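Here's the structure we're looking at; comments come further down.
Protein chains: 2
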Amino acid sequence: MKLSTKARYATRALIELSRHYEKGPVRLKDIAEKQGISAKYLEQVLFPLNIQGLVRTRKGSGGGHFLGKDPGEINLAEIVNIVEGSLAPVECVDDPQRCSRHETCEARHIWVRLRDVVVQELESISLKELANI
Amino acid sequence: MKLSTKARYATRALIELSRHYEKGPVRLKDIAEKQGISAKYLEQVLFPLNIQGLVRTRKGSGGGHFLGKDPGEINLAEIVNIVEGSLAPVECVDDPQRCSRHETCEARHIWVRLRDVVVQELESISLKELANI
DNA sequence: CTATTTTACTACCATAATAATAGTATTATT
DNA sequence: AATAATACTATTATTATGGTAGTAAAATAG
């Protein structure tokens, strides 16, 4: 039940961007240095967040990354869900057909409940609160 | 945030044992067949549960595995914690010293909260309920 | 209009973790 | 003594993770 480094790096990078909200773009290199993350790797981590509109970018001199929405409107469930592809502890939770035993499996119910409490908790906290701004 | 197959297999195997509680040992091979798990792999999965006393075994003819406690007294948090070694989504939650940024990291607090809700949820469900006996 | 700065995209690689298999040793029962 | 079962140790195949490298494209500054 470990979170990937992608989820952790994305969270920290977005906290960084929250602090610069509406103060112009921040260079990837600067985010990476401040948070002690490989810039090249962070590039890949942030890419899907860009696609989903949580992050926007501007190329060229003076460019960089910036938040696509208000930090108060972005919660952790979104972030983790985008970079990890799911918040379910087991595949069968999202898609029962993935497991041939889904109809009789006694354990599946609890994994669904587990996903639900994780989602609830992560949805309850916004970037604004995390960055305490 | 995926659960390992160890955690899933252990849970299913223990549900199986719950159903035979106080009806004598169940052969590993039988548990494995019933749940569609490799017997040899399941052997390794159940080993730490044996060490921790959740499961007991008897060798030789007529032997097998059986629960070391009442199914009502075993909750999922115990099982997952034993086979995965931790219930924390990030190492720094169990041991802050593992990360040099632990004092200033803004994200750590939420990972602690996440661990707590996961533990709470998994503790709330016993093998007895899962096996609906 | 060109030099520079920055992200976008594609490809690759090393390591570690995961899941599983295999074989022998040991213990208990019949 | 034969058999049935777990205990233990080693090995292996596959996948996921985390990271690096290099080129392309876009935007800006001068």
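Read top to bottom, the protein sequences are chains W and A.
In terms of the working numbering, the first sequence opens at residue 696 and continues consecutively.
In terms of the working numbering, the second sequence opens at residue 696 and continues consecutively.
The beta-carbon is built from N, C-alpha and C at its ideal position, and this holds for glycine as well.
Computed from a predicted model, the values in this text were never measured in an experiment.
- In this structure, the beta-carbon distance from Pro720(A) to Leu698(W) does not fall below 8 Å.
- Contacts with chain W at 8 Å (Cβ-Cβ) do not include Gly780(A).
- Assigned with DSSP and collapsed to three states, Arg751(W) falls in strand.
- His760(W): member of the beta strand (DSSP E) spanning 759 to 762, first to last residue.
- Sequence-distant Cβ neighbours of Leu744(W) in its own chain, meaning closer than 8 Å and more than five residues away, are Ala705, Leu709, Val750, Ile774, Ile777, Val778.
- In this structure, Asn770(A) places its C-beta atom within 8 Å of the C-beta atom of Glu818(A).
- With the rule of 3 Cβ pairs closer than 8 Å, the segment 713 to 729 of chain W counts as touching the segment 751 to 763 of chain W.
- Taking Lys729(W) as reference, the option from Ser821(W), Lys754(W), Arg707(W) with the minimal CA-CA separation is Arg707(W).
- The DSSP assignment places no complete run of the beta strand (DSSP E) inside the segment 762 to 801 of chain A (cut-off: 3 residues).
- For Lys724(W), same chain residues with a beta-carbon under 8 Å away, outside a window of 5 residues either side, are Ala734 in chain order.
- Inter-residue distance for Arg803(A) and His797(A) is about 7 Å (C-alpha atoms, whole angstroms).
- Excluding sequence positions up to five before and after Glu786(W), its CB lies within less than 8 Å of the CB of Arg793, Cys794, all in the same chain and listed in chain order.
- Distance between Ala727(A) and Leu822(W), taken at the CA atoms: about 45 Å.
- Of the residues assessed, Lys701(W) falls on the buried side of the cut-off, its CB having 16 or more other CB atoms within 10 angstroms.
- DSSP, reduced to helix, strand and coil, places Ser713(W) within a helical segment of the structure shown.
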